[in-house]
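Residue 1 is where the sequence shown starts when you use full-length UniProt numbering, and the numbers rise one by one after that. Each residue gets a CB set at the ideal place from its N, CA and C atoms; glycine is no exception. In this text the structure is predicted, and so the values were computed from the model without any measurement.
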Amino acid sequence: MKIKLIAEPESPNVDLVAVHGLCESSSETWTNPQKHKPWFRDPVLFPYHTLRTRVLSFEYDPSRFTVPGRGGTISNGILDLATNLIAELDSYRQANDGAEDAQRPIIFICHGFGGLLVKRALALSWSKTKSGVSHLRAIYISTHGILFMGTPHNGLDETLILNSGIERYPGPSQFMLNLLTGSDTIKEITDLFAPLAKRFAIYNFWEGMEAFFDEQTQKPVYIVDALSAAPVWEQVDKCAIMANHSGMVKFSRKSDAGYTVVYQALEKYIKAAPRVISRRWEQEIERVIAERKQEADDLLQEIPAPPQTQAIDPYINVHYMVHRCSSSYFVGRTGQADKVKELFGDVTTNPRSKHKILVIHGLGGSGKTQFSLKYIENNRHRYWGIFWIDCSNESTAEKGFASLGENAQKASSLEAGMHWLSNQSTSWLLVLDNADDPEMDLPRYFPAGGNGHILVTTRNPGVRIHNTVGYLKFQGMDPEEAITLLLKLAYPENEPKFPPAPQNRQIAEGIASELGYLALALTHAGATIRQNIFTLERYLKYYLGHRRNMIRSRSVNSCTDANIISTWEIPFERIASKNSLAHKDAVELIQLFAFMHFDSIPEQLLQRSSDGIRKSTSPLAIYPAILKVKSMWNEDSQIRFRLAMNVLYDHSIIDNDHEKKVCSLHPVVHRWARDRLNDTQQKDWLGCASSILAHSISSNFEMSERKFRKQLLPHISSCISALKDMYGSLPSTTEQATELEKFALVYAENGQWKQAKPLQEKVVRFRVKVLGNQHHSTIQGQRNLANMHWDLFEVQQALQLQSQILQAQWRSRPSIFSWIKYPVNPIHTSYCVALDEFARTLWLSGQREISRQTGQRAVYGLTKVLGYDDPQSLNAMFNLARTYLHLGEFEKSQELLAQVVQKREHWFGKEHPDTLMARNEQAMISVILKQDLVTAEREISDVLKARKETLGEEHAYTLWSVNDLSKVYCATGRWDEAVQDLQEILPVVVRTLGETHVGMIMTKSNLARAYIGSNRWTEARKIIQPLLSEVPSRHPDWFHINHEYINILIHLDDTDEAERNCNAVLDNLGRYSTFGPTHRYTLTIAQKLEKIYQAQERSEDSNRLIQRFPSLKKSPQPNQEKHPSNPDLPPGTPSISTLTNRKICHSKTF
């Protein structure tokens, strides 16, 4: 690469720099064969003496870039060439001209690729503002005009590139692929040059005639079409030249096509350049002076005192939640690792410091994830906690943070994990990996507080805007490191004993350059050579042909993806060509994995699904051969599976974590494994993946398998997304409906009810349409949907569905005997279970009298048919006991709860969720009756501890136990302790349940009661007043809240407001048939209103009130209590219903 002098007058005013393209050398480009010299040197065609213009050319060897495997160490291709152009041109001008002439104007004339090179060089020159390299900015400042002669601004056509040199090479070089239309390289050059274009006088020319590209071309083509050579730019001249691509810059006489317009443009630019460039240099000098002055002022300013932070000694790493380790073959990128450490800086103890966010963006397969894994392994000692979150989609991101919350013994939810991390003062590192989705709200996953470093990896350059300390762009590896990695993977037995032979290193150099120095592509290539699929010497020839075919595929988005996919396709085709059982199984496994999520695919998946598949009625043809055997999964099956996995692992197609028993695919490979299948194959394997996922989920939803089901969440989400894309509306078959129902139940089990409900609704609509309302599958689907409404506190929707289920079950009798013996009130199991679920929802809605009647019928029927030990009977007994409790029938409640606790402890253990629920309610009766409060406190504390350990500190049931413990404190006069506990969980309840959830209403109501006990009446009024409008006025809890509020108003001497509330409550209670004028609720409020009238000596109002409620004459006046009591229950009774309690059926959830 050099600058060559073509022609020079005595005192030049302007430099004309000619830059050739890739098809010809510099002398060939500008020379007509008839003239034997460049037309710039011909005084007739270009009077350089008259124009006082020196003509220079930038010369380089095009074959270095167009011949595959000759890329050498030019890893960045155009950038390296552009760097040489500005360096060589600046050096030439400095060496051959004086200081003033070094500012001489420049005009570029570029042919083909030469135009892209000049655009990149000018953008690079513009960026050189630092004092040490500012001399290189002279090229940008001095450039006035550019003539682009057939420059592919928008890239070259795919067909042209793929067919170039086909008679000599199996496929085009990596450098040529970077010139494809829409490639990242073309986009980058366009984006960098666009802001600078208006600074230059530009003329775009395009070829007006076709030409034969090479000897193999069947018909002439435009090398660079008009759309690419002359895109729509503002204030830019353009013109066609009636010659082919090569001939458009070879003039032999003035009559040649295009000569006049080209010469006139050059003459115009040459004449205008001195004045324009002189003014531009004046502006540049002013800018430099101002910039240097500012730098001096900054140095003279007083340096502010550093914040009160200090670097701390290395941590003992406590939390290391990283899903896998780095590859043992990882090499290089030490410079970037040092840069990351520098940008993050020292780990400090300043709790007020803001997060430091660093973004690593770059090509898929460039090694971002492996780099991050290696970085955290090397810096583990610097952090108290390191946490890895897969951000490939919202589902996996939420699952990752939920795991953080669960690990910290908080709730298993996004909010819990974020909150926990935000409140850690010790230093942590959070890695958000694969944050590629431009639609994702990434800042949502930045913790609000805490002392943290956040490292983001992404293919999306737009994510850079979120950095606070900097970003790194990953492309290919360092060439020498890439060569080392390839040889290390290809010949592991030689490392580190023997250095590679010189000829091997040279061959590896060519392969690495054609792979774009991408780490993942190099890994696959090394595995292919290691497995003797191809030798090192033969690999490049076969690879180029595969890559050429890959780029023709519509599924391949870029040449970068083509590099990775081609290196993967070569070993995969060899695996597919083998006849051994292990190789055939390996092919089927990768086609199955293509429809899972790419990360953490459980190895147990096939084993857990095998039994269900064997018993199913689905045709075995849709499953992998390993699942078609008739026997149960046994040791032989496991060995067969392991052999297939080893084939994939040995060929570097999957990563396998033996400790966690999961495998993963790179996202690019994962996508191609799906895209390489035709439509029919995709449909079949998607159906297979969905079926296997569903069959791996036991119909009984055993508690022991809950952790495994949670592992399936990202794979379920991935499968559902693919099903929607494939089918549009779901489900389309009864089998698919069964699968989707299981997926919905897994969502619901993990608290993702908003994802579960719409899925279950589709299942129910399909079954109603296809099977009818009476079918048992339809009814079961409606039951599951009603439970999801229940969990979301959508009470009316749940009641409506359960009413339909009751009617259907009433009509659906097991035998004619049931109609004869129980014509009105049947007792068959399915009907009684429906009764129990209906009673439970009636209790939640506040209709407790009806709930009691319904619950009694359910208990009678279930115990008669199933006995008292059956889990379904115990559920019904528990629900009835709770209703008794809230109706004040304590003896009945105690009797039932004692039986339930004893039997559940016997069958399920003391710490099973169902047992804990019953123990908690049993203890609360003692609190209400103020009997044996010491034992009650011990029991509730024990339940709270168990729930914290098994469910987490922020789970709804745990929060429920905190509320109940606060009631113990209130009952024993420890009001301040109650206030403290409730204030601590209040923000947790807001975050996990929401402001309007019944759990929040309960917590605020209990806190108001504790405030009253602590004589903090104003605070009690402030917290309870908003609740008046949040609870439905037909719900009993509405009365309890108003009762508390009226007590507060009376104490604060706000009798006018108290009177209005008393009248409002009495009017509302009168609308209920169960709350008549003699009901305790009614009389309690009437007594308070009468007391207000008496205090104000309003005898007429008092008499009218007594006429309205005659029982007031018989009722004693309520005592003036220091601590208010519930009118329905003794003092200490909860004033609000307990948190939503989703029934846990033995057959479904443990």
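Requested in this report: Give the secondary structure of leucine 432 by DSSP, where H, G and I count as helix, E and B as strand, and everything else as coil.
Outcome: The answer is strand: DSSP assigns leucine 432 an E or B state.
Query - First and last residue of the uninterrupted beta strand (DSSP E) at phenylalanine 474 - result: Residues 470-474.
Query raised in the report: If you compare alpha carbons, which of Trp975, Asp976, Ile1024 and Arg1016 is closest to glutamate 995?
Result: Ile1024
**Report entry** Through-space distance from glycine 1076 to leucine 1069, alpha-carbon basis
**Finding:** 7 Å
Requested in this report: Output the boundary residues of the beta strand (DSSP E) element that contains serine 321.
Outcome: Contrary to the premise, residue 321 reads as methionine rather than serine in this sequence. Where methionine 321 is concerned, the enclosing beta strand (DSSP E) stretches over 319-321.
Query raised in the report: Expressed to the nearest angstrom, what Euclidean distance is found between the alpha-carbon atoms of lysine 864 and histidine 715?
Result: 43 Å
Query raised in the report: Quick one: what's got a C-beta closer than 7 Å to alanine 1008's C-beta in the same chain, skipping five residues either side?
Result: Same-chain partners within the cutoff: Ala1020, Ile1023, Ile1024 and Glu1044.
Requested in this report: Leaving aside the five residues before and after threonine 915 along the sequence, list all residues of the same chain whose C-beta is less than 6 Å from its C-beta, in chain order.
Outcome: Arg904, Glu905 and Phe908
Query - For methionine 917, the three-state DSSP class (helix, strand or coil) - result: helix
**Report entry** Alpha-carbon to alpha-carbon, aspartate 390 and alanine 624
**Finding:** As written in the sequence, residue 624 is proline, which differs from the alanine given in the question. Their Cα atoms are separated by approximately 28 Å.
Report task. Tell me whether aspartate 61 is buried or exposed, calling it buried when 16 or more other Cβ atoms sit within 10 Å of its Cβ. Result -> exposed
Query raised in the report: Can you pull the DSSP bridge partners for lysine 742?
Result: DSSP lists no beta-bridge partner residue for lysine 742.
Query raised in the report: Which residues in the same chain have their Cβ closer than 7 Å to the Cβ of glutamate 761, if we skip the five residues on either side of it in sequence?
Result: Excluding sequence neighbours, glutamate 761 sits near Leu785.
Report task. Report all residues from its chain with a CB closer than 6 Å to the CB of glutamine 894; omit the five preceding and five following residues, and keep chain order. Result -> Ile925
Query - methionine 877 versus aspartate 1054 - alpha carbon distance - result: If you take the alpha carbons of methionine 877 and aspartate 1054, they lie about 45 Å apart.
Requested in this report: Measure the Cβ-Cβ separation of glutamine 591 and leucine 677 and say whether it is below 8 Å.
Outcome: yes
Query raised in the report: Who pairs with lysine 2 in a beta bridge, going by DSSP?
Result: Glu59
Requested in this report: Using the DSSP secondary-structure output, state which residues sit across from serine 427 in a beta bridge.
Outcome: Asn451
Query raised in the report: Smallest Cα separation from leucine 686: which of Ala756, Asn656, Gly612 and Glu588?
Result: Glu588
Query raised in the report: Going by the beta-carbon positions, is the gap between residue 1152 and arginine 41 smaller than 8 Å?
Result: No answer is possible for residue 1152: it lies beyond the span of the chain, which begins at 1 and ends at 1150.
Query raised in the report: When DSSP labels each residue in this structure, what does isoleucine 357 get in the three-state scheme?
Result: Reduced to three states, the DSSP call for isoleucine 357 is strand.
Query raised in the report: Exposed or buried, which one is histidine 36 when buried takes at least 16 other CB atoms within 10 Å?
Result: exposed
Report task. Output the distance between the C-alpha atoms of lysine 948 and glutamate 377, rounded to the nearest integer angstrom. Result -> 31 Å
Requested in this report: Thinking asparagine 154 and methionine 209 are a contact (beta carbons under 8 Å), I'd like their distance in whole angstroms, please.
Outcome: At roughly 20 Å, the Cβ-Cβ gap does not stay under 8 Å, so asparagine 154 and methionine 209 are not in contact.
Query raised in the report: Can you list the alpha helix (DSSP H) stretches of 4 or more residues lying completely in the UniProt domain "DUF7779" (583-681), in chain order?
Result: 604-615, 635-650 and 667-675
Query raised in the report: On the premise that lysine 757 lies in contact with leucine 792, defined as a C-beta separation below 8 Å, what is that separation, rounded to the nearest angstrom?
Result: 7 Å
Query raised in the report: Counting pairs of beta carbons, one from the segment 468-480 and one from the segment 697-709, are three or more of them closer than 8 Å?
Result: no
Requested in this report: Please look up how many angstroms separate the CB atoms of tryptophan 975 and alanine 946, rounded, as I've assumed it's under 8 Å.
Outcome: That pair is no contact at about 26 Å.
**Report entry** Nearest neighbour of leucine 147, chosen from Asn1042, Phe205 and Thr159 [CA to CA]
**Finding:** Phe205
Query raised in the report: Hey, how far is the Cα of glutamine 1120 from the Cα of threonine 1082?
Result: With a pLDDT of only 38 at glutamine 1120, under 50, the local geometry of the prediction cannot be trusted, and no value is derived from it.
Query raised in the report: How about aspartate 90 and leucine 136: are their beta carbons less than 8 Å apart?
Result: Contact flag set, yes.
Report task. Examine the Cβ distances between the segment 428-443 and the segment 407-416 and report whether three or more of them are shorter than 8 Å. Result -> no
Requested in this report: Count the CB pairs spanning the segment 560-578 and the segment 594-606 that are closer than 8 Å, and state whether there are at least three.
Outcome: no
Query raised in the report: Run through DSSP, which three-state label would proline 571 get?
Result: Of the three classes helix, strand and coil, the one that applies to proline 571 here is helix, per DSSP.
Query raised in the report: In three-state DSSP terms, what is asparagine 1042?
Result: helix
Query raised in the report: With which residues is tryptophan 388 paired in a DSSP beta bridge?
Result: Note: tryptophan 388 sits in a beta bridge opposite Val431.
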